[in-house]
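A.B. asks:
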Amino acid sequence: MELKFNIEGMTCASCQAHVQKAVEKLNGIKKVNVNLLSNSMNVDFDENVLSVEDIISSVEKQGYKASIVDKKENNLVSTKRETKKKKIDLDLIKLIISFVFLIILMYVSMGHMIGLPLPDFLSPKENPLAFAFTQLLLTIPSLIIYAKYFKNGFLRLFKLSPNMDSLIAIGACASLIYGVYAIYQIGYGLSHNIDVLDYTHNLYFESAAMILTLVSLGKYFEGLAKKRTTKAVEKMMDLAPKKAILLINEEEKVVDIEKVKVKDIVVVKKGESIPIDGEIIKGSASIDESTITGESIPAFKKEGDSVYSSTILTSGYILIKALKVGKDTSINTIIELVEQASNSKAPISKLADKVSLYFVPTILLIALATLIGFLSAGYDFELAFNFAISVVVIACPCALGLATPVAIMVATGKGASNGLLIKNAEILEKSHLIKTVVLDKTGTITNGSPTVTDVLYLKQDQKKNIKYYL
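In this text, residue positions in the sequence shown follow the working numbering: the first is -6, and each later residue adds one.
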């Protein structure tokens, strides 16, 4: 049995790898494919050994949510678009707010280093405590807006399955904690006439805000990329008619496409799209089948001939007995093949998944080794801490597991929009080895419709000024 699940809570390649590993361990699993780009999981399993609840439970134990994809989900394209638009707009608002506070924070923390004017009450020399505390206040909005990184990151860390959010949370939290520690040291130093200049130079509040804001900017761009890559599939979904005309008791009735059942009689008139796969039981027509066959010239169909969904009636009037409806129609089968191709994994993508599974723990160990190494070498804690945090912050490439899936989805989606269906990602990756392409007909590689390119004439009668054209 093969089912598709929606997965909520995945934010990076490590999340994807943890979910895949957790499900693969279950008895009865034949094949698992987790896709970070579409936040989905395809599972082929033995239903006699394993239940759907067991699969969902294994995902939830890793701290994520799983649910079976509704079979009618492809027909809800407009709803999806609205949801995505609202989500992106919300993310953009968060980014704008965060960047406003970040710019002010950077001005306060580093403006004086390049000679920008700063009021005396915020000067690190005149009022170091206010200088440090103001930076803390300017950091708080970013911490509140992007609290999800701390929640998800530490949750994954406590479950011993750290992801990229864990690196972000540790880097930002460590910078924040050290900044608060510096504020206390500044307060203590001022009351005991101790020089606190070093602490004003090593606050790191701007690092915490910068980490959260820039990573979120990257994720926002990833979201835009996801939206663009799914447009081709959405265009194909739009080809499928949303309404149908049923013949009930000799009367025509317009209904939603979901209400059409097998053996219903469907009426299709000139200029309309055929909503189902079926057989003509009355009438004849010329039908543009270019969406299915690629042929630009309309095909003549009569009683007893088969017709396919999304094809267009250019002339005529026919009654069709529905044989395939909903997900079983030709256009929906093609859409499903395109989605399967975009969700499949190329060999290079599988390698990235393996790397990302061990990437975060390795980085944390390297950061810890950096801290211990510099302390052992006699460096003070502040400098050693700075180097350790630098390792954590720099090693946050969430694109590690996204580059290949994005490339595959762009390729399959772009191909589908041009009438080229790619079976799976492995074939796509091997396409660079192709040396010869064999085509069965010229229509396969034309624009889809005939055009006049040249006019030639055989001879010309000079006396009568007549040209005989070919």
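Even for Gly, the Cβ is constructed at its ideal location relative to N, Cα and C.
In three-state terms, what does DSSP make of Glu288?
C.D. replies: Glu288: coil per DSSP, three-state reduction.
A.B. asks: Ile179 and Val189 - do their beta-carbons sit closer together than 7 Å?
C.D. replies: Against a cut-off of 7 Å, the Cβ pair of Ile179 and Val189 comes out as a contact.
A.B. asks: Around the C-beta of Lys294, are 16 or more other C-beta atoms found within 10 angstroms, so that it is buried, or is it exposed?
C.D. replies: Answer is buried; the Cβ neighbour count reaches 16.
A.B. asks: Is the CB-CB distance between Leu232 and Ile324 below 7 Å?
C.D. replies: Yes, Cβ-Cβ distance for Leu232 and Ile324 is below 7 Å.
A.B. asks: Answer with buried or exposed for His425, where buried requires no fewer than 16 other C-beta atoms within 10 angstroms of its C-beta.
C.D. replies: His425 comes out exposed.
A.B. asks: Give me the Cα-Cα distance between Leu196 and Ala381, rounded to the nearest whole angstrom.
C.D. replies: Near 15 Å, if we compare the C-alpha coordinates of Ala381 and Leu196.
A.B. asks: So the beta strand (DSSP E) Ser308 belongs to, where does it begin and stop?
C.D. replies: It spans 305 to 317 - the beta strand (DSSP E) in which Ser308 sits, taken as one unbroken run.
A.B. asks: When DSSP labels each residue in this structure, what does Ile61 get in the three-state scheme?
C.D. replies: Ile61 falls in the strand class under three-state DSSP.
A.B. asks: Cα-Cα, which of Glu272, Thr307, Ile238, Ala377 is closest to Leu364?
C.D. replies: For the residues Glu272, Thr307, Ile238, Ala377, the minimum Cα distance to Leu364 belongs to Ala377.
A.B. asks: Cα separation between Ala162 and Tyr142?
C.D. replies: The alpha-carbon atoms of Ala162 and Tyr142 are separated by roughly 6 Å.
A.B. asks: What does DSSP give as the partner residues of Ile365 in its beta bridges?
C.D. replies: BP columns for Ile365 are empty, so no partner.
A.B. asks: Under a three-way DSSP split, which group does Ile187 fall into?
C.D. replies: Reduced to three states, the DSSP call for Ile187 is coil.
A.B. asks: Buried or exposed for Asp37, going by 16 or more other Cβ atoms inside 10 Å?
C.D. replies: Asp37 is exposed by the Cβ-count criterion.
A.B. asks: Use the C-beta contact count for Thr76: other C-beta atoms within 10 angstroms, 16 or more gives buried, fewer gives exposed.
C.D. replies: Its pLDDT being 45, under 50, Thr76 is placed unreliably by the model, and nothing is read from it.
A.B. asks: Does the structure place the stretch 195 to 214 close enough to the stretch 89 to 103 that three or more beta carbon pairs sit under 8 Å?
C.D. replies: Taking 8 Å as the limit for Cβ pairs, the verdict is that the stretch 195 to 214 does touch the stretch 89 to 103.
A.B. asks: DSSP three-state call for Leu205: helix, strand or coil?
C.D. replies: Here Leu205 sits in helix by DSSP.
A.B. asks: Please list, in chain order, all residues of the same chain as Leu115 whose beta carbon is under 7 Å from its beta carbon, the five residues on each side excluded.
C.D. replies: Here the set comprises Val101, Ala123, Phe124, Thr127.
A.B. asks: For Leu131, which residues in the same chain have their Cβ closer than 7 Å to its Cβ, ignoring the five residues on either side in sequence?
C.D. replies: Phe94, Ile97, Leu98, Val101, listed in sequence order.
A.B. asks: Quick one, which of Val25, Thr307, Thr326 has its alpha-carbon nearest Ala10's?
C.D. replies: Answer by Cα proximity: Val25.
A.B. asks: Who are the near neighbours of Ala165 in its chain, counting only those whose CB is closer than 6 Å to its CB and skipping five residues on each side?
C.D. replies: Closer than 6 Å at the Cβ level, and outside the excluded window around Ala165, lie Ala201, Ile204, Leu205.
A.B. asks: Is the separation between the beta-carbon of Val260 and that of Ile238 shorter than 7 Å?
C.D. replies: The answer is yes: Cβ separation under 7 Å.
A.B. asks: Just checking: is the beta-carbon of Leu19 within a distance shorter than 7 Å of some beta-carbon in chain B?
C.D. replies: Among the protein chains of the structure shown there is no chain B, as only one such chain exists.
A.B. asks: CB-CB under 8 Å to Lys23, same chain, minus the five flanking residues each way: which ones, in chain order?
C.D. replies: Excluding residues within five positions, the ones whose Cβ falls inside 8 Å are Asp37, Phe38, Asp39.
A.B. asks: List the whole-angstrom C-beta distance separating Val12 from Gln55, where the pair is believed to meet the contact cut-off of C-beta under 8 Å.
C.D. replies: Between Gln55 and Val12 the Cβ distance is about 6 Å, and since that is below 8 Å, they are a contact.
A.B. asks: Look up Ala237 in the DSSP assignment and say whether it is helix, strand or coil.
C.D. replies: If DSSP states are grouped into helix, strand and coil, Ala237 belongs with the strands.
A.B. asks: Taking its Cβ as the centre, do 16 or more other Cβ atoms sit within 10 Å of Glu(-5), making it buried, or is it exposed?
C.D. replies: Glu(-5) should be labelled exposed.
A.B. asks: Within the chosen definition, does the stretch 252 to 269 reach the stretch 314 to 324 through at least 3 CB pairs nearer than 8 Å?
C.D. replies: Cβ pair count under 8 Å is three or more, so yes.
A.B. asks: Reducing DSSP to helix, strand and coil, say where Ala388 ends up.
C.D. replies: It is coil, neither helix nor strand.
A.B. asks: How should Lys78 be labelled, buried or exposed, when 16 other C-beta atoms within 10 angstroms of its C-beta is the threshold for buried?
C.D. replies: Low per-residue confidence applies at Lys78: pLDDT is 49, beneath 50, and the placement is therefore not dependable, though the value from the model is reported in the following sentence. Exposed.
A.B. asks: Quick one: Cα of Thr72 to Cα of Asp249, how far?
C.D. replies: Note that Thr72 scores 39 on pLDDT, short of 50, meaning its location in the model is unreliable and no value can be drawn from it.
A.B. asks: Specify the secondary structure class of Ala175 as computed by DSSP and reduced to three states.
C.D. replies: In this structure, Ala175 counts as helix in the three-state DSSP scheme.
A.B. asks: Specify the secondary structure class of Glu53 as computed by DSSP and reduced to three states.
C.D. replies: Glu53: helix per DSSP, three-state reduction.
A.B. asks: Sort Pro234, Leu368, Glu251 by Cα distance to Leu306 and report the nearest one.
C.D. replies: When only C-alpha atoms are compared, the closest one is Pro234.
A.B. asks: Between the alpha carbons of Thr286 and Leu330, how many angstroms are there, rounded?
C.D. replies: Approximately 16 Å between the Cα atoms of the pair.
A.B. asks: Look up Lys428 in the DSSP assignment and say whether it is helix, strand or coil.
C.D. replies: Coil.
A.B. asks: With a threshold of 7 Å on Cβ separation, who are the neighbours of Gly21 within its own chain once the five nearest residues in sequence on each side are excluded?
C.D. replies: Excluding sequence neighbours, Gly21 sits near Phe38, Asp39, Val42, Leu43.
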